[in-house]
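Going by the working numbering, the sequence shown opens with residue 997, and the numbers climb by one from there. First up is the structure itself, then whatever we jot down about it.
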Amino acid sequence: MTAATAAADTLAATAGAHEHGAAAGLDTIILIPATLLLVVYIGGALSSRRNGRPWPWHRVALWCAGVVAAAAPILGPFAAAAHESFVAHALGHVVGGMLAPLLLVLAAPVTLALRTLDTTPARRLSRLLGSLPVRLLVHPVTMGIVSTASLWLVYATWIYDAAHGSALVHVFVHVHTVIVGYLFTAAIVGVDPDPHPTSRILRAVVLVLTMAAHAVLAKHLFANPPASAGLADGQLGAQTMYYVGGVVELAIVIVFCAQWYRASGRRLERDAARATA
């Protein structure tokens, strides 16, 4: 082994150690808020139970699964794979940006917060949720546009390649995707109190159009994979986004239809009660 080869090996080993240390530090930073979200929610559920208002344990399970699904794509082996494979990245997008928001929304965190907070903070939170800026932000049309535009900006511009080359940018993009996914899902199938609910027909139209935009993006990526992904890997990743993402979208449609069916049943019961009164 020559001195030059030995020096190159040493530099490579040092770089690998630095990358490993940076990844471990980033994992720690991600795990802290994820753990905090779990502790606060479970603490709220236990507090509600102590106050004589048991919180459904299936919602606790949904919240825990949602937090895990949101964090997993940017932790450990999953995150490392996403930097090497567009398929892994696409799977992380579906798990973190689509499945996790659905699980978190169905866990009804706002309802739990309103139930467990003291009177004054609960009223402040309620007023905030009913304020005009929040109403505009979480409106289905607003979130449909933001959700669709965000995906196209990430995958049809240089942003994906930047995220592919930087763990920090990847985390930032992923967190943005989770937050936007949560707000969009809440606007469509939210179970928390909504002071100004929008019509289900409008929500259905927004959902269908957003699903169509997602499908068009996946087909665009199949024909035009990101520069940092090979042709085969890029096309397989696009198929993953299309088909696996379609499964999550189907789940959202099922939840939406079930909610609409139950709401229609309750309305018919009220109409029948008024007719016989």
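Backbone N, C-alpha and C fix where the C-beta goes; we use that ideal spot for every residue, glycine too.
Residue span of the alpha helix (DSSP H) that contains residue i, given as start and end
i     : result
S1122 : 1115-1126
H1170 : 1163-1185
V1107 : The sequence as given places Thr at residue 1107; Val does not occur at that position. 1105-1112 is the extent of the alpha helix (DSSP H) around T1107.
V1142 : 1136-1151
G1088 : 1082-1090
H1192 : No alpha helix (DSSP H) holds H1192; DSSP gives it neither H nor E.
V1098 : The sequence shown places Leu at residue 1098, not Val. First-last of the alpha helix (DSSP H) with L1098: 1096-1102.
Supposed contact pair residue j and residue i - C-beta distance, whole angstroms, cut 8 Å
i     : j     : result
A1066 : V1174 : 5 Å
H1170 : I1070 : 5 Å
L1124 : L1110 : About 11 Å; that fails the 8 Å criterion.
V1185 : Q1255 : 6 Å
A1214 : M1237 : 5 Å
F1082 : D1188 : Wrong, their Cβ atoms sit about 35 Å apart, outside the cutoff.
T1206 : S1143 : 6 Å
Alpha-carbon spacing of residue i relative to residue j, whole angstroms
i     : j     : result
R1199 : C1060 : 27 Å
R1266 : H1085 : 48 Å
A1030 : L1203 : 28 Å
H1172 : I1155 : 13 Å
L1095 : G1177 : 9 Å
A1104 : V1243 : 22 Å
T1274 : G1021 : There is no way to answer for residue 1274, as the model of the chain reaches only from 997 to 1273.
L1042 : G1048 : 10 Å
L1217 : G1039 : 43 Å
Q1235 : R1262 : 40 Å
L1286 : L1100 : Limits of the chain in this structure are 997 at one end and 1273 at the other, which puts residue 1286 out of reach.
H1192 : V1137 : 14 Å
A1223 : D1157 : 7 Å
L1128 : A1225 : 43 Å
Handout entry: Minimum length 4: unbroken alpha helix (DSSP H) runs contained in the region 1221-1250
Key = none
Handout entry: Unbroken stretches of the alpha helix (DSSP H), 4 residues or longer, contained in the region 1019-1082
Key = 1053-1067, 1072-1080
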